[in-house]
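Engineer:
There are 2 protein chains.
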Amino acid sequence: MSQAAKKRPRIVIVGGGFGGLAAALKLKDADVDVTVVDKTNYHLFQPLLYQVAMAGLSPGDIAHPIRSILRQQKNTEVILAEVTKVDLKNNLLQSNIGDINFDYLILAAGAQTNYFGHNDWPDYAVGLKDIDDALEVRRRVLVAFEDAESEKDKEKQKQMLTFVVIGGGPTGVELAGSLAELARHSLVRDFRHINPSTARVMLLEGLPRVLPPFVEELSAKAAEQLKSIGVEVRTGVKVTNIDALGVHVDGGEVIPSSTVMWCAGVAAVPLTKTLDVTLDRGGRVVVEPDLSIPGFKNAFAIGDVSNFAHQGEKPLPGLAPVAMQQGAAAAQSILDDLAGRTRKRFHYADKGTMATIGRSAAVADLGKVKLSGLPAWLAWLLIHILMLIGFRNRILVFTNWVWSFFTYDRGARLITGHRMEAGCPAELTDNVKTESKI
Amino acid sequence: MSQAAKKRPRIVIVGGGFGGLAAALKLKDADVDVTVVDKTNYHLFQPLLYQVAMAGLSPGDIAHPIRSILRQQKNTEVILAEVTKVDLKNNLLQSNIGDINFDYLILAAGAQTNYFGHNDWPDYAVGLKDIDDALEVRRRVLVAFEDAESEKDKEKQKQMLTFVVIGGGPTGVELAGSLAELARHSLVRDFRHINPSTARVMLLEGLPRVLPPFVEELSAKAAEQLKSIGVEVRTGVKVTNIDALGVHVDGGEVIPSSTVMWCAGVAAVPLTKTLDVTLDRGGRVVVEPDLSIPGFKNAFAIGDVSNFAHQGEKPLPGLAPVAMQQGAAAAQSILDDLAGRTRKRFHYADKGTMATIGRSAAVADLGKVKLSGLPAWLAWLLIHILMLIGFRNRILVFTNWVWSFFTYDRGARLITGHRMEAGCPAELTDNVKTESKI
Numbered sequence: 057m058s059q060a061a062k063k064r065p066r067i068v069i070v071g072g073g074f075g076g077l078a079a080a081l082k083l084k085d086a087d088v089d090v091t092v093v094d095k096t097n098y099h100l101f102q103p104l105l106y107q108v109a110m111a112g113l114s115p116g117d118i119a120h121p122i123r124s125i126l127r128q129q130k131n132t133e134v135i136l137a138e139v140t141k142v143d144l145k146n147n148l149l150q151s152n153i154g155d156i157n158f159d160y161l162i163l164a165a166g167a168q169t170n171y172f173g174h175n176d177w178p179d180y181a182v183g184l185k186d187i188d189d190a191l192e193v194r195r196r197v198l199v200a201f202e203d204a205e206s207e208k209d210k211e212k213q214k215q216m217l218t219f220v221v222i223g224g225g226p227t228g229v230e231l232a233g234s235l236a237e238l239a240r241h242s243l244v245r246d247f248r249h250i251n252p253s254t255a256r257v258m259l260l261e262g263l264p265r266v267l268p269p270f271v272e273e274l275s276a277k278a279a280e281q282l283k284s285i286g287v288e289v290r291t292g293v294k295v296t297n298i299d300a301l302g303v304h305v306d307g308g309e310v311i312p313s314s315t316v317m318w319c320a321g322v323a324a325v326p327l328t329k330t331l332d333v334t335l336d337r338g339g340r341v342v343v344e345p346d347l348s349i350p351g352f353k354n355a356f357a358i359g360d361v362s363n364f365a366h367q368g369e370k371p372l373p374g375l376a377p378v379a380m381q382q383g384a385a386a387a388q389s390i391l392d393d394l395a396g397r398t399r400k401r402f403h404y405a406d407k408g409t410m411a412t413i414g415r416s417a418a419v420a421d422l423g424k425v426k427l428s429g430l431p432a433w434l435a436w437l438l439i440h441i442l443m444l445i446g447f448r449n450r451i452l453v454f455t456n457w458v459w460s461f462f463t464y465d466r467g468a469r470l471i472t473g474h475r476m477e478a479g480c481p482a483e484l485t486d487n488v489k490t491e492s493k494i
Numbered sequence: 057m058s059q060a061a062k063k064r065p066r067i068v069i070v071g072g073g074f075g076g077l078a079a080a081l082k083l084k085d086a087d088v089d090v091t092v093v094d095k096t097n098y099h100l101f102q103p104l105l106y107q108v109a110m111a112g113l114s115p116g117d118i119a120h121p122i123r124s125i126l127r128q129q130k131n132t133e134v135i136l137a138e139v140t141k142v143d144l145k146n147n148l149l150q151s152n153i154g155d156i157n158f159d160y161l162i163l164a165a166g167a168q169t170n171y172f173g174h175n176d177w178p179d180y181a182v183g184l185k186d187i188d189d190a191l192e193v194r195r196r197v198l199v200a201f202e203d204a205e206s207e208k209d210k211e212k213q214k215q216m217l218t219f220v221v222i223g224g225g226p227t228g229v230e231l232a233g234s235l236a237e238l239a240r241h242s243l244v245r246d247f248r249h250i251n252p253s254t255a256r257v258m259l260l261e262g263l264p265r266v267l268p269p270f271v272e273e274l275s276a277k278a279a280e281q282l283k284s285i286g287v288e289v290r291t292g293v294k295v296t297n298i299d300a301l302g303v304h305v306d307g308g309e310v311i312p313s314s315t316v317m318w319c320a321g322v323a324a325v326p327l328t329k330t331l332d333v334t335l336d337r338g339g340r341v342v343v344e345p346d347l348s349i350p351g352f353k354n355a356f357a358i359g360d361v362s363n364f365a366h367q368g369e370k371p372l373p374g375l376a377p378v379a380m381q382q383g384a385a386a387a388q389s390i391l392d393d394l395a396g397r398t399r400k401r402f403h404y405a406d407k408g409t410m411a412t413i414g415r416s417a418a419v420a421d422l423g424k425v426k427l428s429g430l431p432a433w434l435a436w437l438l439i440h441i442l443m444l445i446g447f448r449n450r451i452l453v454f455t456n457w458v459w460s461f462f463t464y465d466r467g468a469r470l471i472t473g474h475r476m477e478a479g480c481p482a483e484l485t486d487n488v489k490t491e492s493k494i
């Protein structure tokens, strides 16, 4: 085949999150055709999702259309579609808009909330993996205060003013801290018949301490800071059931609550099951040292759908920096192939992790340096603003934060969504006064 | 009854929009108890709703929780509830949370989209009266471009890239102008298989000119500016049907379109029917010169639910400044009653109207002064920023606008709402790739 007739390799990237985007950006100037497929049209900055849930930011502040981000890359197209099956043997994807062929595949489809087989829990305990989740959490939390304001029955009122966050990892810690501040500061003068600062915010964790991946000293600091802003932290607690009454824990206690948030587990999206390769208990693909899928050198799995167990004792965690480095590495391996070079094995450069507690405190494990309190929060602020995509988003988020910092005010305290919402059982719908029947 | 035992009069205000809020603020220091009832928790700055629909602003930028606005008024409480019936004879309201008694009532419940009896049209033609409407318009518009990008059939692609706005009043003009700019500027480099600037944006108006309430000279300027930014303006056009094919007009022509927006009429909310008094054709209460409901001196109807026909040849239009002045006047009449003064008859001080066309042009009729083009737009910008409630909102909206002015970028281009949406028929749902079946 002559040089002129030779077709460029087509790289298909499934997922426009941190991993997929990093891969696409790496292929920017390559002599390839890149297709990014995502079932939403935006790249979501997930670390700030809890701020949308707690009415501090609007969805548009933390999300950016994938097309805009990749606009300048002439070799790249973006498709809004949902991939339903990955057929590695035939180098094709099945999707709701038809088949998509590839020469190389980078699977970066991410994770979803994992309820560990409890199929009825999602109705009662909302997850926090995407914008719709965040808006649902926001709606339920704000409606709970509204309901309590009109409720005459003291027991019911107490149930409405009890909020339970399940899962003491970074997401749960950030959500609980932010929620306590919402109740004790932002809302406190807005009601006449309830005192929002008497609301109970509880954080339940199964392991002996919150923030298990952090060192013990920082876990302790985080627990301390949480308590000081009004969160009841309970560790070593196993949840046995969640229903309209609230949260049932082992030992038989029932915590009456009408607003439960689930931050206790994620699993790879079900798409991985269609691959026909070995998956771990979380549905993740166990990948080779070069991030490829065993048996298929032209297919990679990165980010939350992958289990990379070639560095340290445990597989790498599902964090944004891991996905970003893996995305870039997978793209590099493709470029190496095309140039006749040997692929490198992937190595994750761990620069540390952080979690915020409330509006001005945090813990940060930066390797040699461990920070807590305000210095940690400032570091967190800086890094997240730099990581945000889009100058406009940076300005807006920065403005919102500066405003909140000085005023405790929450700018996005809207209850939206009057169309009939699926997944909200009758017991909860009765609470939801903004629903209009269509 | 002794002075100490005498109960304060309870003023109940139904609706926290421009009218209701103006009334509540006027009663701030009075020796009364005020209850504001609204079925949403926020005050919505409706003039900017089209910007949320066109992905230029987030909902949180133009809405503000009613509780926050009225936080400082110790005599005022806010209730989230939907009033289902007004019983003037017994001085009470029925609502989904129970009965609410009043000594004085100010009905400020506003308007909703009016399809003039065509009960199937709402599925195909979205209105623009609240945030959920705006988000639905946004979703349909953005998904239409996404669908067209993947669509191989040229006829279907053309239907997807044809947008029809029905109604040439200020709302329709603003929406159409903004949509044309979205297609021709903001989106133009984001797609690989379609050229968004070839999208057709049509504005249909039944009367002989757009912006009928404005003077002819400004209507002509507006039509000119619309055409220059790419809107096809058709006046004297009657719509006979709207369905999955598109818009049918008299004469038999069918305009194939998958995204139709209805800005052609509003009517008072159905609540007015429960009043048992004379209503006009738009469901509005024909009020006395002091804005009271005929036969009931202690009950007022203001804003879009009222028909005030005591000034000029026609009833006052459903505009924000009218509602605001009426709200303050109704509150003043109550204060006059309590002080033993005579009520005044209401007189509307018309300071003018404006409408924007695209991001940097407008027409403004300010009485003696008529502006168009950039000067009109700057006046519009200033007035709307001043009218916005909340300093934070002003900063955010101003930032967004300055950004858009210089970059044409739209900051809130998210397709959200993956839960099953009622009111979206199968023919349209197939277009909606972000829907996941629950």
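Line by line, the protein sequences are chains A and B.
Heads up, the final residue of the first sequence is numbered 494 in our numbering, and it's a clean run with no missing numbers.
Heads up, the final residue of the second sequence is numbered 494 in our numbering, and it's a clean run with no missing numbers.
Beta carbons are placed, not taken as given, at the ideal position from N, Cα and C, and that holds for glycine.
Note that the coordinates shown come from a computational prediction; the quantities given were computed from them, not determined experimentally.
#1: Which same chain residues end up closer than 6 angstroms to glutamine 107(A) when comparing Cβ atoms and leaving out the 5 residues on each side of it in sequence?
#2: Sort Val266(B), Gln382(B), Val419(B) and Arg415(B) by Cα distance to arginine 405(B) and report the nearest one.
#3: Which residue comes first and which comes last in the alpha helix (DSSP H) that contains histidine 440(B)?
#4: Pop quiz: alanine 420(A) and threonine 315(A) are said to be a contact at Cβ under 8 angstroms. What is the actual Cβ separation, rounded to whole angstroms?
#5: Would you tell me roughly how many angstroms separate the C-alpha atoms of phenylalanine 364(B) and aspartate 336(B), rounded to the nearest one?
#6: Short of 7 angstroms Cβ to Cβ, which residues in the segment 89-100 of chain A face chain B?
#7: Under three-state DSSP, which class holds aspartate 87(A)?
#8: Taking 8 angstroms as the CB-CB cut-off, is leucine 452(A) touching chain B?
#9: Can you name, in chain order, every residue of its own chain whose Cβ lies under 7 angstroms from the Cβ of proline 121(B), other than the five neighbours on each side?
#10: Threonine 334(A) and valine 342(A): beta carbons closer than 8 angstroms?
#11: Does the CB of aspartate 246(B) have a neighbour CB from chain A at under 8 angstroms?
#12: Looking at the secondary structure, which residues open and close the beta strand (DSSP E) in which tyrosine 160(A) lies?
#13: Looking at C-beta atoms only, is the number of pairs between the segment 184-202 of chain A and the segment 84-95 of chain A that lie closer than 8 angstroms three or more?
#14: Identify which residue in Gly292(A), Ile69(A) and Pro312(A) has its Cα closest to the Cα of alanine 300(A).
#15: With a threshold of 8 angstroms on Cβ separation, who are the neighbours of aspartate 159(B) within its own chain once the five nearest residues in sequence on each side are excluded?
#16: Considering only residues of the same chain and omitting the five flanking positions on each side of glycine 414(B), which have a CB-CB separation below 6 angstroms?
#17: Does the CB of serine 253(B) have a neighbour CB from chain A at under 8 angstroms?
#18: Which residues bound the beta strand (DSSP E) around arginine 66(B)?
#19: Which residue or residues does DSSP assign as beta-bridge partners of proline 373(B)?
#20: Taking threonine 330(A) as the reference, which of Glu207(A), Ile250(A), Leu231(A) and Ala165(A) has the closest Cα?
#21: For aspartate 306(B), which residues from the same chain have a beta carbon less than 7 angstroms from its beta carbon, with the 5 sequence-adjacent residues on both sides left out?
#22: Quick one: residues in its chain with C-beta nearer than 7 angstroms to the C-beta of isoleucine 441(A), no 5 flanking neighbours on either side, listed in chain order?
#23: Where valine 361(A) and threonine 328(A) are concerned, what is the direct C-alpha to C-alpha distance, given to the nearest angstrom?
#24: Are phenylalanine 270(B) and threonine 412(B) touching if we call contact CB-CB under 8 angstroms?
#25: Going residue by residue through the segment 118-202 of chain A, where are the continuous alpha helix (DSSP H) segments of at least 4 residues, counting only ones entirely within it?
#26: Between which residues of its own chain and phenylalanine 402(A) is the CB-CB distance below 6 angstroms, once the five residues before and five after are set aside?
#27: Name the two residues that bound the continuous alpha helix (DSSP H) containing tyrosine 404(A).
#28: Going along the chain, which residues of the segment 407-440 of chain B sit with their C-beta nearer than 7 angstroms to a C-beta in chain A?
#29: Given a cut-off of 8 angstroms, decide if leucine 126(B) and valine 139(B) are closer than it, judged by their beta-carbon atoms.
#30: Given this structure, state the Cα-to-Cα distance separating serine 389(A) from asparagine 131(A), to the nearest angstrom.
#31: DSSP has alanine 317(A) in a bridge; who is on the other side?
#32: Look at the alpha carbon of leucine 104(A) and the alpha carbon of valine 193(A), and state the distance between them as a whole number of angstroms.
#33: Over what stretch of residues does the beta strand (DSSP E) that includes phenylalanine 356(B) continue unbroken?
#34: So phenylalanine 219(A) and valine 244(A) are supposed to be a Cβ contact under 8 angstroms. How far apart are they, rounded?
#35: Residues bridged to lysine 426(B) by DSSP?
#36: Going by the DSSP bridge assignment, what does serine 362(B) pair with across the sheet?
Structural biologist: Taking the coordinates as given:
#1: The residue you call residue 107(A) lines up with position 51 of the first sequence. Result list for glutamine 107(A): Leu113, in chain order.
#2: For the purposes of this step, residue 405(B) is taken as residue 349 along the second sequence, with counting starting at 1. The sequence given here has alanine at residue 405(B), not arginine. Selection Val266(B), Gln382(B), Val419(B) and Arg415(B) evaluated against alanine 405(B) yields Gln382(B) as nearest (Cα-Cα).
#3: Residue 440(B) sits at position 384 when you count from the first residue of the second sequence. Here the alpha helix (DSSP H) through histidine 440(B) covers 430-443.
#4: For this step, residue 420(A) is matched to residue 364 along the first sequence. For this step, residue 315(A) is matched to residue 259 along the first sequence. Alanine 420(A) to threonine 315(A), Cβ: 29 angstroms. No contact.
#5: The count along the second sequence starts at 1 and reaches residue 364(B) at position 308. The count along the second sequence starts at 1 and reaches residue 336(B) at position 280. If you draw a straight line from the Cα of phenylalanine 364(B) to the Cα of aspartate 336(B), it is about 11 angstroms long.
#6: Across the segment 89-100 of chain A, CB contacts with chain B closer than 7 angstroms involve Lys95, Thr96, Asn97 and Tyr98, in sequence order along the chain.
#7: Reading the first sequence from its first residue, position 31 is the one you call residue 87(A). Of the three classes helix, strand and coil, the one that applies to aspartate 87(A) here is coil, per DSSP.
#8: The count along the first sequence starts at 1 and reaches residue 452(A) at position 396. Closer than 8 angstroms: yes.
#9: Here residue 121(B) corresponds to residue number 65 of the second sequence, with the count starting at 1. Cβ neighbours of proline 121(B) beyond the five flanking positions: Asn97 and Tyr98.
#10: Position 278 of the first sequence, counted from the first residue, corresponds to residue 334(A). Position 286 of the first sequence, counted from the first residue, corresponds to residue 342(A). In contact: threonine 334(A) and valine 342(A) (Cβ atoms closer than 8 angstroms).
#11: Looking up residue 246(B) in the second sequence gives position 190. So, interface residue.
#12: Translated into the one-based positions of the first sequence, residue 160(A) becomes position 104. Segment 160-163, the beta strand (DSSP E) holding tyrosine 160(A).
#13: The segment 184-202 of chain A is not in contact with the segment 84-95 of chain A.
#14: The residue given as residue 300(A) occupies position 244 in the first sequence. Nearest Cα to alanine 300(A) within the set Gly292(A), Ile69(A) and Pro312(A): Pro312(A).
#15: On the second sequence, position 103 is the one that residue 159(B) refers to. The residues are Pro65, Arg66, Ile67, Asn147 and Asn354.
#16: As a working mapping, residue 414(B) is identified with position 358 in the second sequence. Spatial neighbours of glycine 414(B) in its own chain (CB-CB distance under 6 angstroms, excluding positions within 5 residues in sequence) are listed in chain order as Gly233, Glu237 and Ile285.
#17: Position 197 of the second sequence, counting from 1, holds the residue named residue 253(B). No - not a single Cβ of chain A is within 8 angstroms of the one on serine 253(B).
#18: For the purposes of this step, residue 66(B) is identified with residue 10 of the second sequence, where counting begins at 1. Unbroken beta strand (DSSP E) run through arginine 66(B): 66-70.
#19: Numbered from its first residue, the second sequence carries residue 373(B) at position 317. Looking at the DSSP output, proline 373(B) sits in no beta bridge, so it has no partner there.
#20: The count along the first sequence starts at 1 and reaches residue 330(A) at position 274. The shortest Cα separation from threonine 330(A) among Glu207(A), Ile250(A), Leu231(A) and Ala165(A) belongs to Ala165(A).
#21: To locate residue 306(B), count along the second sequence from 1; it is residue 250. Excluding residues within five positions, the ones whose Cβ falls inside 7 angstroms are Lys294 and Thr296.
#22: Reading the first sequence from its first residue, position 385 is the one you call residue 441(A). Contacts found: Arg450, Val453 and Phe454.
#23: As a working mapping, residue 361(A) is identified with position 305 in the first sequence. As a working mapping, residue 328(A) is identified with position 272 in the first sequence. Those two C-alpha atoms are separated by around 7 angstroms.
#24: One-based indexing of the second sequence puts residue 270(B) at position 214. One-based indexing of the second sequence puts residue 412(B) at position 356. Taking 8 angstroms as the Cβ cut-off, phenylalanine 270(B) and threonine 412(B) do not qualify as a contacting pair.
#25: Runs of the alpha helix (DSSP H) lying entirely within the segment 118-202 of chain A and spanning at least 4 residues, in chain order: 122-125 and 177-180.
#26: Numbered from its first residue, the first sequence carries residue 402(A) at position 346. Hits under 6 angstroms: Leu347 and Ala385.
#27: Locating residue 404(A) in the first sequence gives position 348, where the first residue counts as 1. Counting along the chain, no alpha helix (DSSP H) covers tyrosine 404(A), and no H or E run does either.
#28: Those would be none; no residue qualifies.
#29: Within the second sequence, the letter at position 83 stands for residue 139(B). Within the second sequence, the letter at position 70 stands for residue 126(B). Leucine 126(B) is positioned such that its CB atom lies no closer than 8 angstroms to that of valine 139(B).
#30: Along the first sequence, one-based indexing puts residue 389(A) at 333. Along the first sequence, one-based indexing puts residue 131(A) at 75. Cα to Cα, serine 389(A) sits roughly 18 angstroms from asparagine 131(A).
#31: Walking along the first sequence from the start, residue 317(A) turns up at place 261. Checking the displayed sequence, the identity of residue 317(A) turns out to be methionine instead of alanine. Bridge partners of methionine 317(A): Val182(A) and Val221(A).
#32: The residue labelled residue 104(A) in the question sits at position 48 within the first sequence. The residue labelled residue 193(A) in the question sits at position 137 within the first sequence. Roughly 14 angstroms between the two C-alpha positions.
#33: The count along the second sequence starts at 1 and reaches residue 356(B) at position 300. Going by DSSP, phenylalanine 356(B) is part of the beta strand (DSSP E) stretching over 352-357.
#34: In the first sequence, the residue the question calls residue 219(A) occupies position 163. In the first sequence, the residue the question calls residue 244(A) occupies position 188. Between phenylalanine 219(A) and valine 244(A) a beta carbon distance of about 15 angstroms is seen, past the 8 angstroms cut, so the two are scored as non-contacting.
#35: For the purposes of this step, residue 426(B) is identified with residue 370 of the second sequence, where counting begins at 1. BP columns for lysine 426(B) point to Asp421(B).
#36: Residue 362(B) sits at position 306 when you count from the first residue of the second sequence. According to DSSP, serine 362(B) bridges with Val341(B).
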